[in-house]
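Heads up: take any position in the sequence shown, counting from 1, add 5, and you land on this note's numbering.
Below: one structure, written as structure tokens.
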Amino acid sequence: MMDSKLKNNDIPSIEQIEDLTNLFKVLGDMTRAKILYTIEKGELCVSDICNRVDMNKSAVSHQLKVLRDAHLVKARKLGKEVYYSLDDEHVSLIFRCALEHVNEKK
């Protein structure tokens, strides 16, 4: 039962809740999490990401598309290379807060 003090404008809209759950679905994949942590410190090209997460280019490219579609990473093309970085500081903040939460339970 909801607290009677909670007003309707304090509750996120259905659309916002759907967007939030979709965000956590994308973040809930171990491969995508590894990729995000890999580029957290700075921009990397696809081949460098592949080397760091020990995966082939096709698999990494697929996951990067999912992350790009979710607005978690952005891409910058330079010549034949595509460089990826976190879309904004919020992505890093989400991961730092989640990791802090996980570590406090240990």
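Think of the CB as a built atom: it goes at the ideal place given N, C-alpha and C, for glycine as much as any other residue.
Given the structure is predicted, the values throughout are model-derived calculations rather than measurements.
**Message:** Run through the DSSP bridge pairs and tell me what Cys50 is partnered with.
**Reply:** Partner(s): Tyr88.
**Prompt:** According to DSSP, is Asp77 helix, strand or coil?
**Reply:** Sequence check: residue 77 is Leu here, not Asp. The three-state reading of DSSP puts Leu77 in coil, since its state is none of H, G, I, E or B.
**Message:** For the pair the stretch 54 to 64 and the stretch 101 to 108, tell me if three or more CB-CB distances fall below 8 Å.
**Reply:** In the pairwise beta carbon analysis, the stretch 54 to 64 is classified as not touching the stretch 101 to 108: fewer than three pairs are separated by under 8 Å.
**Request:** Specify the secondary structure class of Val96 as computed by DSSP and reduced to three states.
**Result:** Val96 falls in the helix class under three-state DSSP.
**Request:** Name the one or two DSSP bridge partners that Lys82 has.
**Result:** According to DSSP, Lys82 bridges with Val87.
**Request:** Within the same chain, show all residues whose beta-carbon is closer than 8 Å to that of Met7, passing over the 5 residues directly before and after it, in chain order.
**Result:** Confidence in Met7 is poor, its pLDDT being 48 and thus under 50, which makes the residue's placement too unreliable to answer from.
**Message:** Going by DSSP in three states, Asp24 sits in which element: helix, strand or coil?
**Reply:** It is helical.
**Prompt:** For Leu32, which option in Leu49, Tyr89, Arg73, Glu48 has the closest C-alpha, if you only look at C-alpha atoms?
**Reply:** Nearest option by C-alpha distance: Arg73.
**Prompt:** Quick one: is Leu83 buried, meaning 16 or more other Cβ sit within 10 Å of its Cβ, or exposed?
**Reply:** Residue burial is scored here from C-beta neighbours: Leu83 has fewer than 16 other C-beta atoms within 10 angstroms and is therefore classed as exposed.
**Request:** Just confirm the distance between the C-beta atoms of Thr43 and Gln68, as a whole number of angstroms; I'd bet it's less than 8 Å.
**Result:** About 11 Å; that fails the 8 Å criterion.
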